[in-house]
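Colleague: Taken in order, the sequence shown gives residues 1 to 404; the numbers are from UniProt numbering.
All C-beta atoms, glycine included, are put in the ideal place defined by N, C-alpha and C.
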Amino acid sequence: MYKEGFIMAWASLIANKMRSLLTMLGIIIGVAAVIALVSIGFGVRQQIQDSISSLGSNLLMVYPGAPRTPGVRPTAASQKTLKVKDYETLKKLNDVDMISPVAGSSSYVIVYTNKNWTTTVNGINSDFQYINNWTMKSGRFITDAQVERRERVAVIGSTVAKNLFGDENPVGKDIRIKNDPFKVVGVLDTKGSGSFGNDQDDIVFIPYTTAMERVRGVDYLSMIYIKAKDGADLNRVQSDIENIMRVRHKIKNPELDDFNVRNMATIMETVNETTGTMTLFLGAVAAISLLVGGIGIMNIMLVSVTERTREIGVRKALGATYRVIVMQFLIEAVVISLIGGAIGVVFGIGASKLISAATSMKTVISMGPILLSFGFSMAIGLIFGIYPARKAAKLNPIDALHYE
1 MYKEGFIMAW
11 ASLIANKMRS
21 LLTMLGIIIG
31 VAAVIALVSI
41 GFGVRQQIQD
51 SISSLGSNLL
61 MVYPGAPRTP
71 GVRPTAASQK
81 TLKVKDYETL
91 KKLNDVDMIS
101 PVAGSSSYVI
111 VYTNKNWTTT
121 VNGINSDFQY
131 INNWTMKSGR
141 FITDAQVERR
151 ERVAVIGSTV
161 AKNLFGDENP
171 VGKDIRIKND
181 PFKVVGVLDT
191 KGSGSFGNDQ
201 DDIVFIPYTT
211 AMERVRGVDY
221 LSMIYIKAKD
231 GADLNRVQSD
241 IENIMRVRHK
251 IKNPELDDFN
261 VRNMATIMET
271 VNETTGTMTL
281 FLGAVAAISL
291 LVGGIGIMNI
301 MLVSVTERTR
311 EIGVRKALGA
321 TYRVIVMQFL
331 IEAVVISLIG
341 GAIGVVFGIG
351 ASKLISAATS
361 MKTVISMGPI
371 LLSFGFSMAI
381 GLIFGIYPAR
391 KAAKLNPIDA
401 LHYE
């Protein structure tokens, strides 16, 4: 019975090729959209995780100002609470392996001869290179001696080097930041785009002391990077940092903190939750088109029942039971869904690869969404094929034979 049902379903599809293709279109688009969008969601999560993991799992960051509250905009004064003395005190913690203050993250026009380029200038120390896994293409990174002497030296990213120097070696050349000369002592290796498409190589590093006193004219830091020693309890280190900061800033109530500390474990957990929700949302939006495809299947099957009323009457007159008629039309609906689902899987995988190749966006194709969307397409065929199948099976054989 099942074999005969499949043969008849296939014959019906072949006999009405265009109608069958249009019926499958909703399923094809739905399955392809689910696979493509979910692969984008997985890719974004993987890209962010890779960027965070490259910094190591034992990284903490201290920011000025209280932890942000939705709907509350931080004041300018709250962003000036992090001082050099805070950095010098935290540096003495036993579990701290490396530590670097950051002064800046401001945009400036960098000038070399008759060329100029607008980029971000950050003030840092020598530990920053190792904390953030920067490697040198040429020259060297900023030294502690240059930080102490507040020297006008700079390390530039490959994007800055390309736009200002072209094929010329930048090391030893002078650039101007706010009309002050800075000697380029090193060029960083290319890192490429970050998690959100930002160019990580469009950057200039100078000593934080120089940035604070000679460029920005401020007495506060933008943030402090802290790398804990291997094996250290990150939560305990974070607690020690918070206690030291409260003592230094004379804060007794933790709710009144004028700083906030984040660690990589917490950030990774937040990223997983956020990207997981985003991926689920994308998949749910795409799945709506599968429901639309199911409605299309039911509509065409109802038309098919009407067209084949006499055929149904003949089959029932020859002894076909209610179950046989239901099974015939259900098999036809499922075959349409399965073929549409299979084509959709191919298109979805192809679309994911095309998106990855055509853009900088990473996509991750997983078997889970493929199997889920394919299984869902088969379920759609069953669910939306039941009503037409039952309607066909309930036809009165005498009325069906007289149907014109």
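Can the beta-carbon of residue 440 be found less than 8 Å from the beta-carbon of I124?
Modeller: No answer is possible for residue 440: the residues shown for the chain start at 1 and end at 404.
Colleague: Where in the segment 344-394 do unbroken runs of the beta strand (DSSP E), each at least 3 residues long, occur, reported from the N-terminal end onward?
Modeller: Entirely contained in the segment 344-394, not one beta strand (DSSP E) run reaches 3 residues.
Colleague: Per DSSP, D86 forms a beta bridge with which residues?
Modeller: Taking the sequence shown and counting its residues from 1, one reaches residue 86 at position 86. Answer is none; D86 lacks a bridge partner.
Colleague: Relative to the C-alpha of I99, which candidate in F42, E151, F128, E168 has its C-alpha closest?
Modeller: To locate residue 99, count along the sequence shown from 1; it is residue 99. Per the Cα distances, F128.
Colleague: Use the C-beta contact count for L256: other C-beta atoms within 10 angstroms, 16 or more gives buried, fewer gives exposed.
Modeller: For the purposes of this step, residue 256 is taken as the residue at position 256 of the sequence shown. Classification of L256: exposed, given that the 10 Å Cβ count is below 16.
Colleague: To test your reading of the DSSP string, which unbroken alpha helix (DSSP H) runs of 4 or more residues are found completely within the segment 228-299?
Modeller: Complete alpha helix (DSSP H) runs here, min 4: 234-248.
Colleague: Thinking just about the alpha-carbon of each residue, which of T23, V31, G41, M61 is nearest to the one in E242?
Modeller: Within the sequence shown, the letter at position 242 stands for residue 242. The residue with the shortest Cα to Cα distance from E242 is M61.
Colleague: Please identify the residue among N16, G26, V38 whose C-alpha is closest to the C-alpha of V364.
Modeller: Along the sequence shown, read from residue 1 onward, the residue named residue 364 stands at position 364. For V364, the nearest C-alpha among the options comes from V38.
Colleague: Under a Cβ-count criterion, where at least 16 other Cβ atoms within 10 Å of its own Cβ denotes burial, should D86 be classed as buried or exposed?
Modeller: For the purposes of this step, residue 86 is taken as residue 86 along the sequence shown, with counting starting at 1. Answer is buried; the Cβ neighbour count reaches 16.
Colleague: If I'm right that A393 touches I325 with Cβ under 8 Å, what's the distance once you round it to whole angstroms?
Modeller: On the sequence shown, residue 393 is found 393 positions in, with the first residue counted as 1. On the sequence shown, residue 325 is found 325 positions in, with the first residue counted as 1. Right, the Cβ-Cβ distance comes to about 4 Å (below 8 Å), so this counts as a contact.
Colleague: How about V109 and I156: do their beta carbons lie closer than 8 Å?
Modeller: Numbered from its first residue, the sequence shown carries residue 109 at position 109. Numbered from its first residue, the sequence shown carries residue 156 at position 156. No. Outside cutoff.
Colleague: Taking the CB atoms as reference points, tell me whether R19 and T275 lie closer together than 8 Å.
Modeller: Sequence index remark: in the sequence shown, residue 19 carries index 19 (1-based). Sequence index remark: in the sequence shown, residue 275 carries index 275 (1-based). No, Cβ-Cβ distance for R19 and T275 is not below 8 Å.
Colleague: Got a sec? Which residues, its chain only, sit under 7 Å from T23 by beta carbon, not counting five neighbours each side?
Modeller: As a working mapping, residue 23 is identified with position 23 in the sequence shown. Cβ neighbours of T23 beyond the five flanking positions: G296, I297, I300, I336.
Colleague: Looking only at C-alpha atoms, which of L280, L354, R246, G319 sits nearest to L90?
Modeller: Start at 1 with the first residue of the sequence shown, and residue 90 comes out as number 90. It is R246 whose Cα lies nearest to the Cα of L90.
Colleague: Can you tell me whether DSSP reads A220 as helix, strand or coil?
Modeller: Position 220 of the sequence shown, counted from the start, is the residue given in the question as residue 220. The sequence given here places Tyr at residue 220; Ala does not occur at that position. Coil, per DSSP.
Colleague: Is R176 helix, strand or coil when you go by DSSP?
Modeller: Against the sequence shown, residue 176 aligns to sequence position 176. If DSSP states are grouped into helix, strand and coil, R176 belongs with the strands.
Colleague: Do you know offhand how far L93's Cα is from K229's?
Modeller: Position 93 of the sequence shown, counted from the first residue, corresponds to residue 93. Position 229 of the sequence shown, counted from the first residue, corresponds to residue 229. Looking at the two C-alpha atoms, the distance is approximately 11 Å.
Colleague: Please list the segments of the alpha helix (DSSP H) lying wholly inside the segment 128-173, counting only runs of 4 or more residues, in order along the chain.
Modeller: Taking only runs of at least 4 residues, the alpha helix (DSSP H) segments lying wholly in the segment 128-173 are 128-131, 144-148, 158-165.
Colleague: Measuring CA to CA, which of V185, L25, R149 is closest to R140?
Modeller: Numbered from 1 along the sequence shown, position 140 holds the residue referred to as residue 140. The option with the nearest alpha carbon to R140 is V185.
Colleague: Which word fits R152, buried or exposed, when buried means at least 16 other C-beta atoms lie within 10 angstroms of its C-beta?
Modeller: Here residue 152 is taken as the residue at index 152 of the sequence shown, counted from 1. By the neighbour-count rule (16 or more Cβ atoms within 10 Å), R152 is buried.
Colleague: Check this for me: beta carbons of V102 and N122, under 8 Å apart or not?
Modeller: Against the sequence shown, residue 102 aligns to sequence position 102. Against the sequence shown, residue 122 aligns to sequence position 122. Yes. Within cutoff.
Colleague: Is it buried or exposed for A33, if we count other Cβ within 10 angstroms and need 16 for buried?
Modeller: Taking the first residue of the sequence shown as position 1, residue 33 is located at position 33. A33 is buried by the Cβ-count criterion.
Colleague: Label P181 either buried or exposed according to how many other C-beta atoms from any shown protein chain fall within 10 Å of its C-beta, with 16 as the threshold for buried.
Modeller: Within the sequence shown, residue 181 is the residue found at index 181, counting from 1. Exposed: under 16 other Cβ atoms inside 10 Å.
Colleague: How many angstroms separate the CA atom of D202 from the CA atom of T159?
Modeller: By one-based count along the sequence shown, residue 202 stands at place 202. By one-based count along the sequence shown, residue 159 stands at place 159. Distance between the alpha carbons of D202 and T159: 5 Å.
Colleague: Taking the alpha-carbon positions, what's the E213 to V171 distance?
Modeller: Your numbering for residue 213 matches position 213 in the sequence shown. Your numbering for residue 171 matches position 171 in the sequence shown. Each residue's alpha carbon lies about 24 Å from the other.
Colleague: Which value, in whole angstroms, describes the spacing of the CA atoms of V215 and D174?
Modeller: As a position in the sequence shown, residue 215 is number 215, starting the count at 1. As a position in the sequence shown, residue 174 is number 174, starting the count at 1. Roughly 16 Å between the two C-alpha positions.
Colleague: Rounding to the nearest angstrom, what Cα-Cα distance links N260 and W117 in this structure?
Modeller: Mapped onto the sequence shown, residue 260 falls at position 260. Mapped onto the sequence shown, residue 117 falls at position 117. Each residue's alpha carbon lies about 33 Å from the other.
Colleague: Just confirm the distance between the C-beta atoms of T321 and G41, as a whole number of angstroms; I'd bet it's less than 8 Å.
Modeller: As a first step, residue 321 is located in the sequence shown; it is residue number 321 there, counting from the start. As a first step, residue 41 is located in the sequence shown; it is residue number 41 there, counting from the start. Not confirmed; about 47 Å, so no contact.
Colleague: In terms of residue numbering, what span does the beta strand (DSSP E) encompassing K115 cover?
Modeller: Taking the first residue of the sequence shown as position 1, residue 115 is located at position 115. Counting along the chain, the beta strand (DSSP E) containing K115 begins and ends at 115-124.
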